[in-house]
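Visitor:
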Amino acid sequence: MSDIIKLLPDHVANQIAAGEVVQRPASVVKELLENAIDAGASSIKLLVKDAGRTLIQVIDDGKGMSPTDARLSFERHATSKINAADDLFALSTKGFRGEALASIAAVAHVDLKTKPEDEEVGTQIEIEGSTIKNQEVCAAVKGTSIAVKNLFFNIPARRNFLKSDSVELRHVIDEFQRVALAHETIAFTLYHNDSELFNLPKTNKRQRIVGVFGPKTNEKLVPVSEETEIVNIDGFIIKPEFSKKTKGEQFFFVNDRFIKHPYLNHSVSAAFDGLLPDRARASYFIYLKVDPKTIDINIHPTKTEVKFEDEHAIYTLLRAAVKHSLGQFNIAPVLDFNR
Ligand code: ADP
Ligand code: MG
480 MSDIIKLLPD
490 HVANQIAAGE
500 VVQRPASVVK
510 ELLENAIDAG
520 ASSIKLLVKD
530 AGRTLIQVID
540 DGKGMSPTDA
550 RLSFERHATS
560 KINAADDLFA
570 LSTKGFRGEA
580 LASIAAVAHV
590 DLKTKPEDEE
600 VGTQIEIEGS
610 TIKNQEVCAA
620 VKGTSIAVKN
630 LFFNIPARRN
640 FLKSDSVELR
650 HVIDEFQRVA
660 LAHETIAFTL
670 YHNDSELFNL
680 PKTNKRQRIV
690 GVFGPKTNEK
700 LVPVSEETEI
710 VNIDGFIIKP
720 EFSKKTKGEQ
730 FFFVNDRFIK
740 HPYLNHSVSA
750 AFDGLLPDRA
760 RASYFIYLKV
770 DPKTIDINIH
780 PTKTEVKFED
790 EHAIYTLLRA
800 AVKHSLGQFN
810 IAPVLDFNR
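Counting from 480, one number per residue, gives the positions in the sequence shown under this note's numbering.
1) Taking F730 as part of the beta strand (DSSP E), name the residues at either end of that continuous run.
2) State the start and end residues of the unbroken beta strand (DSSP E) segment that holds K802.
3) Report the rounded CA-to-CA distance for A792 versus K723, giving the unit in angstroms.
4) Please report how far the alpha carbon of F640 lies from the alpha carbon of P504, in whole angstroms.
5) May I ask you to report which of helix, strand or coil DSSP gives R736?
6) Judging by CA-CA distance, which residue of A497, I688 and G806 is the nearest neighbour of L700?
7) Rank S645, N562, A749 and A518 by C-alpha distance to the C-alpha of I625 and give the top, closest one.
8) For M544, tell me which candidate among T602, H662, R760 and H650 has the shortest Cα-Cα distance.
9) Tell me the DSSP secondary structure of S545 in three-state form.
10) Between A520, K573 and D548, which lies nearest to T783 when the distance is taken from Cα to Cα?
11) Bridge partners for Q536 per DSSP, in chain order?
12) Quick check on DSSP: helix, strand or coil for K782?
13) Under the rule that 16 or more other beta-carbon atoms within 10 Å means buried, what is E510, buried or exposed?
14) Which residues in the same chain as V616 place their Cβ atom closer than 6 Å to its Cβ, once the five residues preceding and following it in sequence are excluded?
15) Can the beta-carbon of D713 be found less than 9 Å from the beta-carbon of K681?
16) Please state the DSSP three-state secondary structure of S571.
17) Decide if the region 727-741 is in contact with the region 750-758; the criterion is three or more beta carbon pairs, one per stretch, under 8 Å apart.
18) Go to K594, then tell me how far its beta strand (DSSP E) extends in each direction, as first and last residue.
19) Just verifying my parser: in three-state terms, what is the DSSP assignment at R818?
20) Measuring from the CB of E537, is there a heavy atom of the ligand ADP at a distance below 8 Å?
21) Please return the same chain residues whose Cβ sits closer than 7 Å to the Cβ of A530, not counting the five positions on each side in sequence.
22) Report the rounded CA-to-CA distance for G524 versus L534, giving the unit in angstroms.
23) Using C-beta distances below 6 Å, list every residue in its chain close to H588, excluding the 5 sequence neighbours before and after it, in chain order.
24) Report the three-state DSSP secondary structure of Q603 (helix, strand or coil).
25) What residue does the beta strand (DSSP E) around F715 start on, and which one ends it?
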């Protein structure tokens, strides 16, 4: 029998990887914002048109890229963030897989403009479905602008699978908010179809939460803070009287990365036991800091799942910290006699 196995061409491999990394406009938003943060930006602008269907653009004032790096950034498994497998156990950057830009470029039209501080001129690159159409020198300011246009232009099935503009925009805003909440020392703005949805100056955690959720949030926040050997816990819970019957706001961040963690959610909820009105859910913004060696964030390409070495200890410490805050701020049960 003759041999039948062959290596897939890059553009095909990229499109397959894109299936996991780029599910909808919001996935692109997440990857581009994270790259801007990893580039050390102090101010990040997100421009979106038609809920991201026609345009998702992120403009940062970070370190920019050299002409060669600009080209390489679209190759699969090309990253400046790790060198060796060992680095995976001590990650300090959002990215490390080196597949976001390659995946995005496989399923969209991408315009990149970038300039490092110490260069006179910048680099401009146009890519369509993994093919570089143009690369030239251009005038630019320090930083990087990446515009992603016509998402899924070559995958009609994906495009048709997208939900209504309002649903897709909701996902975009969710990603934006998660990133903005994790990085209060960076200024963020978000425009949708030329109207400004958010303008968040550099600030502290409390004011960032207020900036994202509105001025009424301020009086609802109760600080939580606990330093231990295993984990540093910091953040806020929402006073039980303001908790919502619906899902509320549940935010966990580990080393400045938004994560979902049902087990830790249970820990916070347990601390609220007896304080919440019927069927209401605890709302919180909890920032955990742990030694990067004690977590594994490489479980899923979107990195919203994290495995902790000391999961049980963190559960207990977190529950105690939240209980402590509730006690300290004299929060007693809300009794509903009409039940
Ligand atoms: P990863 O973030 O996992 O390294 P990406 O595909 O997202 O992979 O990006 C590839 C590389 O391109 C990054 O490692 C980085 O060197 C460079 N890069 C991407 N976006 C930016 C940016 N906004 N500013 C500077 N460099 C960037
Ligand atoms: Mg990245």
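Glycine included, each C-beta is placed from N, C-alpha and C at the ideal position.
Guide: Well, looking at it:
1) Q729 to V733
2) K802 -> not in any beta strand (DSSP E); alpha helix (DSSP H) instead, spanning E790 to Q807.
3) 29 Å
4) 12 Å
5) strand
6) I688
7) A518
8) T602
9) coil
10) K573
11) L526 and A626
12) coil
13) buried
14) V600
15) no
16) coil
17) no
18) H588 to K594
19) The pLDDT assigned to R818 is 48, lower than 50, so where the model puts this residue is not dependable; a value taken from the coordinates is nonetheless given after this. Three-state result, R818: coil.
20) Reading off the sequence shown, one finds Val at residue 537, where the question assumed Glu. True, at least one ligand heavy atom lies under 8 Å from that Cβ.
21) P504, D644, E647, L648 and V651
22) One point to set straight first is that residue 524 is Lys, not Gly, in the sequence displayed. Those two C-alpha atoms are separated by around 13 Å.
23) E607, K628 and N629
24) strand
25) N711 to I717
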